[in-house]
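Heads up: the sequence lines are chains A and B, in that order. By our numbering, the letter at position 45 of the first sequence is numbered 59, and the numbering carries on one by one without gaps. By our numbering, the letter at position 222 of the second sequence is numbered 236, and the numbering carries on one by one without gaps. Just so it is clear, CB atoms sit at the ideal spot from N, CA and C, and this is done for glycine as well. In this text the structure is predicted, and so the values were computed from the model without any measurement.
There are 2 protein chains.
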Amino acid sequence: MKIRHPRARVPVTIGTMESSTTSGGRTRREATRQKLYEAAVTLIAEQGFSATTVDEIAERAGVAKGTVYYNFASKSVLFEELLRHGVGLLTASLRDAAERADREGRGKVDALDAMIRAGLVFIERYPSFTQLYVAELWRTNRAWQSTLMVVRQEAVAVVEGVLRDGVANGEFSDEIDVQLTAAALVGMVLVAALDWQAFQPERSLDDVHAALSRLLQGRVSGHR
Amino acid sequence: MKIRHPRARVPVTIGTMESSTTSGGRTRREATRQKLYEAAVTLIAEQGFSATTVDEIAERAGVAKGTVYYNFASKSVLFEELLRHGVGLLTASLRDAAERADREGRGKVDALDAMIRAGLVFIERYPSFTQLYVAELWRTNRAWQSTLMVVRQEAVAVVEGVLRDGVANGEFSDEIDVQLTAAALVGMVLVAALDWQAFQPERSLDDVHAALSRLLQGRVSGHR
DNA sequence: CTTTTTGAACTGACTGGTCAGTGCAAAAAC
DNA sequence: GTTTTTGCACTGACCAGTCAGTTCAAAAAG
Numbered sequence: 015m016k017i018r019h020p021r022a023r024v025p026v027t028i029g030t031m032e033s034s035t036t037s038g039g040r041t042r043r044e045a046t047r048q049k050l051y052e053a054a055v056t057l058i059a060e061q062g063f064s065a066t067t068v069d070e071i072a073e074r075a076g077v078a079k080g081t082v083y084y085n086f087a088s089k090s091v092l093f094e095e096l097l098r099h100g101v102g103l104l105t106a107s108l109r110d111a112a113e114r115a116d117r118e119g120r121g122k123v124d125a126l127d128a129m130i131r132a133g134l135v136f137i138e139r140y141p142s143f144t145q146l147y148v149a150e151l152w153r154t155n156r157a158w159q160s161t162l163m164v165v166r167q168e169a170v171a172v173v174e175g176v177l178r179d180g181v182a183n184g185e186f187s188d189e190i191d192v193q194l195t196a197a198a199l200v201g202m203v204l205v206a207a208l209d210w211q212a213f214q215p216e217r218s219l220d221d222v223h224a225a226l227s228r229l230l231q232g233r234v235s236g237h238r
Numbered sequence: 015m016k017i018r019h020p021r022a023r024v025p026v027t028i029g030t031m032e033s034s035t036t037s038g039g040r041t042r043r044e045a046t047r048q049k050l051y052e053a054a055v056t057l058i059a060e061q062g063f064s065a066t067t068v069d070e071i072a073e074r075a076g077v078a079k080g081t082v083y084y085n086f087a088s089k090s091v092l093f094e095e096l097l098r099h100g101v102g103l104l105t106a107s108l109r110d111a112a113e114r115a116d117r118e119g120r121g122k123v124d125a126l127d128a129m130i131r132a133g134l135v136f137i138e139r140y141p142s143f144t145q146l147y148v149a150e151l152w153r154t155n156r157a158w159q160s161t162l163m164v165v166r167q168e169a170v171a172v173v174e175g176v177l178r179d180g181v182a183n184g185e186f187s188d189e190i191d192v193q194l195t196a197a198a199l200v201g202m203v204l205v206a207a208l209d210w211q212a213f214q215p216e217r218s219l220d221d222v223h224a225a226l227s228r229l230l231q232g233r234v235s236g237h238r
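Written out as structure tokens, the structure is:
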């Protein structure tokens, strides 16, 4: 395990708070960071973190290399914040789906189904991010390991919460293993969606959703 | 300025035949390749392909760097053959489970269940390989992409075959989407097992298997 | 049985190239 | 006036792949 002598240069984030806003309301800096995220996510999804160079990221983002280091302390920090950002979006989306189902007074099975759909929508929108997330999730000995752990848990916790509520109100068997079942559900959606994107992208989201719903509700065996 | 000893015989590596066998019956070469696979699989699972150096692999295998290149044309070729080797084991194991269930005249649901167990056994035995496989599967633009595609298809085809047979004999609904359902099942097992290994390795395989069986058979909703 | 030869397998110092990160002055944006 | 971006030269650690040379067990020769 070797670590390059970083000798870190202090990123000048000392500046006063959010500076002026552009017409859109976002700071200029924020817009640059966004462009860098977008460039990094596709490149890293395709090639992996180590095989992707900072020069490539800068070029794809249409920005000078120095800008990358003006905005992020290092390549790994850029990646780490990208992970945080992406999983944050997913978690918010899952939570939203679950709450919506709740507010509409539907059952926990419906909530689960809504979350499956939310997951599919997310993956359809950010396939590269998903790919990269899966590739990194079970790695050990990487700098961003602990960060990843935390955000993963936030996302999975949403699913576990719905399962637990369902057990509590009798909708689900109290013999289910919440943690394992949550992982299995996430895996089901993740892998099915990634396969969908990779091998039959022409299919509709509804189609994929229907197949997963059927599996979830045990309507696989049995006729018709 | 190092001066190398002159005076030497030319190696002339023209030979092609498998040389003598050691006591075990395996050639020495085969044993070395096996050691290199084992070293490479853990390192690459932990750090990824690009972040793993050939020097590390050689060191972990207790072999000189030159030996790696004596046995494999390049780092990627080593990795590619490792993938082929590993997925080959998995496919054989799945096929075996399916055929055993068939021979014993059990239904396709049981065959599926047996394959889930076979998958879990495989992952318990080769967690690093599984991890590395998942990390690489959906990447694009990588040298070994096509190889991976082929072996993946071989493995998934086994699951798809059982599903198709089940639809044919009426055990499964003819409305299921074979391809998607197979992917979802694989994902369910993969992710649940990886989570099991990573976050609660103390649990037994039977335990995990039971949780997945329950999910498969739709015994999640409904009480008891 | 003993000595010599053979060559596949292995070794590790070395090379040529790559890439993260630096430094900084000038320009642009705000 | 301040913040952010640019452009580009520079450094040095790092690493895939090479190759001259060594090892050793088994085959051939004596």
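With respect to 7 Å, is the separation between the Cβ of R178/A and the closest non-hydrogen atom of the ligand GDP below this value? The ligand content of the structure shown is nil, which means the ligand GDP is not present either.
How would you write the range of the alpha helix (DSSP H) that Q145/A sits in, first residue to last? Sequence index remark: in the first sequence, residue 145/A carries index 131 (1-based). Where Q145/A is concerned, the enclosing alpha helix (DSSP H) stretches over P141 to L151.
How big is the Cα-Cα spacing for F213/A and R131/A? To locate residue 213/A, count along the first sequence from 1; it is residue 199. To locate residue 131/A, count along the first sequence from 1; it is residue 117. The straight-line gap from Cα to Cα measures roughly 19 Å.
Cα-Cα separation between N155/A and R166/A, rounded to whole angstroms: Within the first sequence, numbered from 1, the residue matching residue 155/A stands at position 141. Within the first sequence, numbered from 1, the residue matching residue 166/A stands at position 152. Distance between the alpha carbons of N155/A and R166/A: 17 Å.
Three-way DSSP call (helix, strand, coil) for T161/A in this model: Reading the first sequence from its first residue, position 147 is the one you call residue 161/A. Per DSSP, reduced to three states, the secondary structure at T161/A is helical.
Mark W215/A as exposed unless 16 or more other C-beta atoms lie within 10 angstroms of its C-beta, in which case mark it buried. Within the first sequence, numbered from 1, the residue matching residue 215/A stands at position 201. First, the residue type needs correcting, since residue 215/A is Pro and not Trp in the sequence shown. With fewer than 16 Cβ atoms within 10 Å of its Cβ, P215/A is classed as exposed.
Identify, in the order they occur along the chain, each residue of the same chain with its Cβ nearer than 8 Å to the Cβ of K79/B, setting aside the five sequence neighbours on each side. Within the second sequence, the letter at position 65 stands for residue 79/B. Closer than 8 Å at the Cβ level, and outside the excluded window around K79/B, lie V68, D69 and A72.
Taking 8 Å as the CB-CB limit, is M129/A close to chain B? Numbered from its first residue, the first sequence carries residue 129/A at position 115. Not closer than 8 Å to any Cβ of chain B, the Cβ of M129/A fails to qualify, so no.
Test: G39/A CB closer than 8 Å to a CB of chain B: Reading the first sequence from its first residue, position 25 is the one you call residue 39/A. With a pLDDT of 48 at G39/A, under the threshold of 50, the modelled position of that residue is not reliable, and no figure is offered here.
I need the straight-line Cα distance from P141/A to L104/A, nearest angstrom please. Locating residue 141/A in the first sequence gives position 127, where the first residue counts as 1. Locating residue 104/A in the first sequence gives position 90, where the first residue counts as 1. Whole-angstrom Cα-Cα distance: 12 Å.
For the stretch 36 to 65 of chain B, enumerate the residues whose C-beta is nearer than 8 Å to any C-beta of chain A, in chain order. Those residues of the stretch 36 to 65 of chain B that come within reach of chain A (Cβ to Cβ, closer than 8 Å) are A59, E60, Q61, G62, F63, S64 and A65.
Same chain, Cβ closer than 8 Å to G62/B, neighbours up to 5 away in sequence not counted: The sequence position of residue 62/B within the second sequence is 48, counting from 1. Take G62/B, set aside five residues on each side of it, and the residues of its chain with a beta-carbon closer than 8 Å to its own are A149, in chain order.
Unbroken alpha helix (DSSP H) run spanning I58/B, endpoints: Numbered from its first residue, the second sequence carries residue 58/B at position 44. It spans R42 to Q61 - the alpha helix (DSSP H) in which I58/B sits, taken as one unbroken run.
Within the same chain, show all residues whose beta-carbon is closer than 6 Å to that of F136/A, passing over the 5 residues directly before and after it, in chain order. Numbered from its first residue, the first sequence carries residue 136/A at position 122. Same-chain partners within the cutoff: L104 and S107.
So, is the C-beta of V148/A closer than 8 Å to a C-beta in chain B? Working through the first sequence from its first residue, we reach residue 148/A at position 134. Chain B contact via Cβ: present.
For a test of the three-state rule: what should DSSP assign to F86/A, helix, strand or coil? Taking the first sequence and counting its residues from 1, one reaches residue 86/A at position 72. The answer is coil: DSSP assigns F86/A none of H, G, I, E or B.
Nearest-angstrom beta carbon gap, V222/A and A206/A [assumed within contact, 8 Å]: For the purposes of this step, residue 206/A is taken as residue 192 along the first sequence, with counting starting at 1. For the purposes of this step, residue 222/A is taken as residue 208 along the first sequence, with counting starting at 1. For a cut-off of 8 Å, the C-beta gap from A206/A to V222/A is around 7 Å, short enough to register as a contact.
For E94/A, count neighbouring C-beta atoms within 10 Å of its own C-beta (all shown protein chains included) and say buried if the count is 16 or more, exposed if not. Here residue 94/A corresponds to residue number 80 of the first sequence, with the count starting at 1. Classification for E94/A: buried.
Consult DSSP for R131/B and reduce its assignment to one of helix, strand or coil. Residue 131/B sits at position 117 when you count from the first residue of the second sequence. The answer is helix: DSSP assigns R131/B an H, G or I state.
Contacting residues, own chain, Cβ-Cβ under 7 Å from R120/A (five flanking each side not counted): Taking the first sequence and counting its residues from 1, one reaches residue 120/A at position 106. Closer than 7 Å at Cβ, skipping near neighbours: no residue.
Taking only beta carbons into account, state which residues of the stretch 219 to 233 of chain B come closer than 7 Å to chain A, listed in chain order. Hits within the stretch, in order: V222, A225, L226, R228, L229, Q231, G232 and R233.
So, is N85/A buried or exposed, given that buried needs 16 or more other C-beta atoms within 10 angstroms? As a position in the first sequence, residue 85/A is number 71, starting the count at 1. N85/A should be labelled buried.
Answer yes or no: does any C-beta atom of chain B fall closer than 8 Å to that of A125/A? Reading the first sequence from its first residue, position 111 is the one you call residue 125/A. Between A125/A and chain B, the shortest Cβ-Cβ separation is not below 8 Å.
Assuming R109/B and E60/A make a contact with CB atoms under 8 Å, what is their CB distance in whole Å? Start at 1 with the first residue of the second sequence, and residue 109/B comes out as number 95. Start at 1 with the first residue of the first sequence, and residue 60/A comes out as number 46. Contact annotation, R109/B with E60/A: C-beta distance approximately 32 Å; criterion of less than 8 Å not satisfied.
Please classify P25/A: does DSSP put it in a helix, a strand, or coil? Sequence index remark: in the first sequence, residue 25/A carries index 11 (1-based). Here the model assigns P25/A a pLDDT of 38, short of 50, so the residue's position is not dependable and the matter cannot be decided.
I need the DSSP call for T35/A, collapsed to helix, strand or coil. Here residue 35/A is taken as the residue at index 21 of the first sequence, counted from 1. Residue placement at T35/A is flagged as unreliable, the pLDDT there being 47, under the threshold of 50; the coordinate-derived value follows with that caveat. In the displayed model, T35/A falls within a strand according to three-state DSSP.
C-beta neighbour in chain A for A195/B, strict 8 Å: Taking the second sequence and counting its residues from 1, the one referred to as residue 195/B is at position 181. The residue asked about is misnamed: residue 195/B is Thr in this sequence, not Ala. Chain A contact via Cβ: present.
Please determine, among T46/B, A45/B and A75/B, the residue with the shortest C-alpha to C-alpha distance to A53/B. What you label residue 53/B is simply residue 39 of the second sequence in a count that begins at 1. Of all alpha-carbon atoms in T46/B, A45/B and A75/B, the one lying nearest the alpha-carbon of A53/B is that of A75/B.
Strictly below 7 Å CB to CB, what residues from chain A border A212/B? Start at 1 with the first residue of the second sequence, and residue 212/B comes out as number 198. Residues of chain A passing the Cβ test: W152.
Output needed for K122/B: all residues of its chain with C-beta closer than 6 Å, excluding positions within five of it in sequence on either side, in chain order. Mapped onto the second sequence, residue 122/B falls at position 108. V176, D179, G180 and E185.
Extent of the continuous alpha helix (DSSP H) to which Q211/A belongs: The residue you call residue 211/A lines up with position 197 of the first sequence. Run containing Q211/A: V192 to F213, per the alpha helix (DSSP H) assignment.
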